[in-house]
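Peer 1: One structure follows; several queries about it will come next.
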Amino acid sequence: MPQLLTNKRLILLLLGVILLVALISFSLRDRDNVSLPEQIIKDAVGAGQSVFSRPAHFVTGIFDNVDSLLNTFEENQHLKTRLEEFAGVQAEVKDLRSENEELKKIVGKEEDLRDFNPIQATVIARNPDQWEEKLILNRGSNQGVKPNMAVMTASGLIGKVTLTTPTTSTVELISTLNPNYRVSAMVVGGAKDVYGLIEGYDAERHELLLKRIDANIELKKGDQVISSGLGGIFPKGVLIGTITEVTIDEFGLTKLAYVKPAADFSLLNHVIIADRVMPEVDGEDNGVTGDDES
């Protein structure tokens, strides 16, 4: 009797396996229609997935929203800090302006060496034979441009106007090889300001030459060079470049510094012509700069 029951169980198990394999084979066939049992099973499984997926998505959405709120809160705190810093800077600037006006009144001077009226201009022509020396702008005497006005970019000083027509102006760059071209400059960053003259350009190094510096004065690499405003043309405080090397001049009497220009002379497009508020005087950088371009 027990042996008979065991055989029946084996037969039933075998029939069940055969039926299962048949159902699997049937469901895996490429068919255009789905049988009713499959529809019922698929619908039941889909409903179950929906029941479980909705709470899961809801919980996930809550965590995402909380994370977004935390990030927004951190960004808000950071922006508040920046705004507070900006407000402090604004207050400091207003205070400095007020103090500057008071100092002007004390010394009886309405203008200083930094003041100038900007004239926006665009480079319209450049002679390949004088690429490092001259360029032509689309602003001339009709727009108030005059010879000896300084020209700069957002990066730094590039030169001065040497010739004007009613609608154009010619600019001689500070990278010119003209030996008569000078810019009264000042080195900042050390214990005290040091004055000198930008005279000459090293075409091999693509750097300006700062000359006439006392041999006893210490200069170091990385010091910034700006216009001093004392030469009569260039406003004070316009960045010229950065010192890359300091040496003794050929005569052994004064120091010579190589200055990497702040402006890129090879990529000049939009520039600013500085109509200086202070009256022009006959200073170091107000000399003859050579023949006018034909």
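Numbering follows the numbering used here, with no gaps: position 46 of the sequence shown is 213. Note that CB positions come from ideal geometry on N, CA and C, so glycine has one too. Computed from a prediction, not measured in an experiment: that's the story for all the values here.
Contact between the region 341-354 and the region 362-378 is defined here as three or more beta-carbon pairs at a separation below 8 angstroms; is this criterion met?
Peer 2: Cβ pair count under 8 angstroms is three or more, so yes.
Peer 1: So, helix, strand or coil for Val-350, using DSSP?
Peer 2: In this structure, Val-350 counts as strand in the three-state DSSP scheme.
Peer 1: Let me know if Gly-419 comes out buried or exposed under the rule of 16 or more other beta-carbons within 10 Å of its beta-carbon.
Peer 2: Answer is exposed; the Cβ neighbour count stays below 16.
Peer 1: If we count the other Cβ atoms within 10 Å of its Cβ and call it buried at 16 or more, is Glu-277 buried or exposed?
Peer 2: With a pLDDT of only 47 at Glu-277, under the threshold of 50, the placement of this residue in the model should not be trusted, and no figure is reported.
Peer 1: Who are the Cβ neighbours of Arg-443 in its own chain at under 6 angstroms, not counting the five residues just before and after it?
Peer 2: Closer than 6 angstroms at Cβ, skipping near neighbours: Phe-283 and Pro-402.
Peer 1: Among all the DSSP beta bridges, which residues are the ones paired with Gln-150?
Peer 2: A question about residue 150 goes unanswered here, because the residues of the chain that appear run from 168 up to 461.
Peer 1: When the Cα of Thr-409 is compared with those of Leu-397, Pro-295 and Tyr-425, which residue comes out closest?
Peer 2: Here the closest residue by C-alpha is Tyr-425.
Peer 1: Is Glu-242 helix, strand or coil by DSSP?
Peer 2: If DSSP states are grouped into helix, strand and coil, Glu-242 belongs with the helices.
Peer 1: Please report the straight-line C-alpha distance between Glu-371 and Arg-249, rounded to a whole angstrom.
Peer 2: About 45 angstroms.
Peer 1: For Lys-378 and Leu-397, I'd like the C-alpha separation in whole angstroms.
Peer 2: Whole-angstrom Cα-Cα distance: 16 angstroms.
Peer 1: With DSSP as the reference, identify every bridge partner of Ala-288, one or two as the case may be.
Peer 2: Its beta-bridge partners are Val-438.
Peer 1: Where does Leu-375 land, buried or exposed, given buried means 16+ other C-beta within 10 angstroms?
Peer 2: When all chains shown are included, Leu-375 counts as buried.
Peer 1: To the nearest angstrom, report how far apart Gly-183 and Leu-177 are at their CA atoms.
Peer 2: Spanning the two alpha carbons is a distance of roughly 10 angstroms.
Peer 1: Under DSSP, the beta strand (DSSP E) around Glu-339 begins and ends at which residues?
Peer 2: 336-340 is the extent of the beta strand (DSSP E) around Glu-339.
Peer 1: Relative to the alpha-carbon of Gly-323, which residue among Lys-427, Val-188, Ile-407 and Val-413 has its alpha-carbon at the smallest distance?
Peer 2: The residue with the shortest Cα to Cα distance from Gly-323 is Ile-407.
Peer 1: Do Met-353 and Ser-395 have their beta-carbon atoms positioned less than 8 angstroms apart in this structure?
Peer 2: A contact, by the Cβ cut-off of 8 angstroms.
Peer 1: Determine which residues share a DSSP beta bridge with Thr-409 and list them.
Peer 2: Looking at the DSSP assignment, Thr-409 forms a beta bridge with Gln-391 and Lys-427.
Peer 1: I'd like the span of the beta strand (DSSP E) that includes Val-444, first residue to last.
Peer 2: From DSSP, Val-444 is part of no beta strand (DSSP E); its letter is neither H nor E.
Peer 1: Answer yes or no: do Val-520 and Val-328 have a C-beta to C-beta separation smaller than 8 angstroms?
Peer 2: Any property of residue 520 remains undetermined from this structure, which presents the chain solely from 168 to 461.
Peer 1: Using the Cα positions of Asp-122 and Ile-286, report the straight-line distance between them to the nearest angstrom.
Peer 2: Because residue 122 is not part of the residues shown, which for the chain are 168 to 461, the question remains open.
Peer 1: Of the residues Thr-335, Asp-390, Thr-332 and Asn-294, which one's Cα is nearest the Cα of Lys-359?
Peer 2: Of Thr-335, Asp-390, Thr-332 and Asn-294, the residue nearest in Cα terms is Asp-390.
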